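Engineer: Read in order, the letters of the sequence shown correspond to residues 316 to 614 in my numbering.
Below: one structure in structure tokens.
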Amino acid sequence: MNRPQEATVSASPESVLSIRDLSVDFGGPTKAVSGVSIELTPGRILGVAGQSGSGKSLTALAAMGLVPSNAHVEGSIRFQGQELVGMSEKDRSRLRGSGMTMIFQETITALNPVVPIKKQLMLAVTANLDCDADEARDRVEGSLHDVKLHDVDRVMNSYPYELSGGMCQRVMIAMALVCGADVLFADEPTTALDVTVQREVIDIIRGVADERNLAVMLISHDIGVLEEVSDELAVMYQGRVVESGPSSDVIANPGHPYTAALLNSIPRISGGLTEFVEMPDFALEAVEHGGTDRTGDHA
Ligand SMILES: Nc1ncnc2c1ncn2[C@@H]1O[C@H](COP(=O)(O)OP(=O)(O)O)[C@@H](O)[C@H]1O
Ligand SMILES: [Mg+2]
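Here you go:
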């Protein structure tokens with residue numbers, strides 16, 4: 316049987332995070348992540364789409380060094396040229412926050428309800444960086460500005476319950492960025508939010524990618540959320556990247572039946588509502604026979 320050909324996202328000389336042939340295995344009959352190769356580049360957003368259970372979160376968690384202890388990770392994950400697979404937990408934890416950072420789906424619950432925002436953000440800085448109170452405060456204010464929270468004094472003196480859901484999500488993004496990370500993993504950051512706030516959060520992620528020259532992996536099960544904002548797109552299915560390339564190309568011209576199925580599942584106002592489609596048999600066969608990567612055509 317032919318081994319499926321892996322789809323990879325463009326290997327760029329300026330890549331800040333390079334994942335090669337990553338697998339994450341829990342000892343089950345199939346690997347949770349298998350042969351995934353992804354490149355993250357400063358100032359660019361890689362959208363990762365795929366249904367629940369396709370290995371999106373584990374790919375990001377493996378890069379962060381946060382997989383469950385019973386997971387076996389193989390392959391290569393290089394951050395600024397430094398190999399992370401096999402690195403000690405002590406060195407790994409030093410990179411979290413200051414080198415790479417992550418925001419999660421239910422981030423709002425990560426805010427402490429009884430501590431004012433300013434104190435939480437200051438703690439995030441002083442726990443990770445060796446800096447004095449003035450520098451910490453500058454970092455906190457800078458991050459709040461970057462997520463378009465302009466009434467900085469009011470926000471800093473508020474408790475989370477005094478802010479809207481969208482503002483809390485912005486605070487969480489600010490907290491993730493406050494230590495000056497170069498790579499951001501955003502794992503379904505808008506799933507718990509209403510549609511208007513979703514849009515705001517996506518725009519903010521785009522803004523910080525541009526302003527901070529941040530390399531972003533934006534994960535969503537909803538390819539529609541990724542359609543406008545991501546520069547590159549990788550589609551995952553059953554632990555593998557089955558298609559990848561510049562977003563506009565993948566969206567306009569899906570080369571893999573699974574991508575087409577995901578795109579057909581987006582409710583579009585012009586075409587009326589479409590229910591999520593089951594993966595058709597022919598698409599499953601196509602997955603078995605390898606992925607689609609048109610990145611090379613556009614490099
Ligand atoms: N702690 C775990 N133990 C065993 N298997 C797991 C664990 N976490 C995830 N998996 C497996 O890995 C697959 C991919 O998980 P995940 O990366 O969380 O998917 P996604 O984020 O795309 O929804 C899951 O379908 C599950 O089979
Ligand atoms: Mg997930």
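Beta carbons: idealized from backbone N, C-alpha and C, even for Gly.
Model, not experiment: these values are computed from the prediction.
Counting only runs that start and end within the stretch 521–584, where is the beta strand (DSSP E) found for 3 or more residues in a row?
Structural biologist: Listed in chain order, the complete beta strand (DSSP E) runs (minimum 3 residues) inside the stretch 521–584 are 530–535, 547–552, 555–561.
Engineer: Would the stretch 521–528 and the stretch 443–451 be scored as touching if the rule is three or more Cβ pairs under 8 angstroms?
Structural biologist: Taking 8 angstroms as the limit for Cβ pairs, the verdict is that the stretch 443–451 does not touch the stretch 521–528.
Engineer: Between 362, 390, 415, 401, which has its C-alpha nearest residue 379's C-alpha?
Structural biologist: Checking every option, the nearest Cα to that of residue 379 belongs to 415.
Engineer: How about residue 549 and residue 361: are their beta carbons less than 8 angstroms apart?
Structural biologist: A contact, by the Cβ cut-off of 8 angstroms.
Engineer: Would the stretch 502–520 and the stretch 343–354 be scored as touching if the rule is three or more Cβ pairs under 8 angstroms?
Structural biologist: Taking 8 angstroms as the limit for Cβ pairs, the verdict is that the stretch 343–354 does not touch the stretch 502–520.
Engineer: Within the continuous alpha helix (DSSP H) that includes residue 449, where are the two ends?
Structural biologist: Note, residue 449: alpha helix (DSSP H), 448–461.
Engineer: Taking 7 angstroms as the cut-off, is the C-beta of residue 372 nearer than that to any heavy atom in ligand 1?
Structural biologist: Residue 372: yes, Cβ under 7 angstroms from ligand 1.
Engineer: Do residue 439 and residue 494 have their CB atoms nearer than 8 angstroms?
Structural biologist: Result yes, Cβ atoms of residue 439 and residue 494 sit closer than 8 angstroms.
Engineer: Let me confirm a value: residue 615 is counted as buried when at least 16 other C-beta atoms fall within 10 Å, else exposed. Which label applies?
Structural biologist: Because the chain is modelled from 316 through 614, residue 615 falls outside the range shown and cannot be assessed.
Engineer: Using a Cβ-based criterion (distance less than 7 angstroms to any ligand heavy atom), does residue 445 qualify as near ligand 2?
Structural biologist: No, since every heavy atom of ligand 2 falls outside the 7 angstroms radius drawn around the Cβ of residue 445.
Engineer: Of all the alpha helix (DSSP H) runs that stay within the bounds of the stretch 384–428, which reach a length of 4 or more residues?
Structural biologist: Taking only runs of at least 4 residues, the alpha helix (DSSP H) segments lying wholly in the stretch 384–428 are 404–410.
Engineer: Kindly indicate which residue of 359, 348, 340, 352 has the alpha-carbon position closest to the one of residue 333.
Structural biologist: Closest by alpha carbon: 352.
Engineer: In the DSSP assignment, the alpha helix (DSSP H) including residue 468 goes from what residue to what residue?
Structural biologist: Taken as a continuous stretch (DSSP letters only), the alpha helix (DSSP H) holding residue 468 covers 467–471.
Engineer: Taking 7 angstroms as the line, does the beta carbon of residue 450 fall inside it for any heavy atom of ligand 2?
Structural biologist: The answer is no for residue 450.
Engineer: By how many angstroms is the C-alpha of residue 448 removed from the C-alpha of residue 560?
Structural biologist: Spanning the two alpha carbons is a distance of roughly 44 angstroms.
Engineer: Taking the C-alpha atoms as reference points, what is the distance between residue 455 and residue 491?
Structural biologist: Those two C-alpha atoms are separated by around 11 angstroms.
Engineer: Looking at the structure shown, is residue 375 part of a helix, part of a strand, or coil, going by DSSP?
Structural biologist: The answer is helix: DSSP assigns residue 375 an H, G or I state.
Engineer: Taking the beta strand (DSSP E) that residue 335 falls in, what are its first and last residues?
Structural biologist: Start and end: 332–340.
Engineer: Between residue 475 and residue 461, what straight-line distance do the alpha-carbon atoms span, to the nearest angstrom?
Structural biologist: Answer to the nearest angstrom: the Cα atoms are 19 angstroms apart.
Engineer: In the DSSP output, which residue or residues are listed as bridge partners for residue 362?
Structural biologist: DSSP lists 533, 548 as partners of residue 362.
Engineer: Relative to the C-alpha of residue 571, which candidate in 558, 420, 382 has its C-alpha closest?
Structural biologist: Per the Cα distances, 558.
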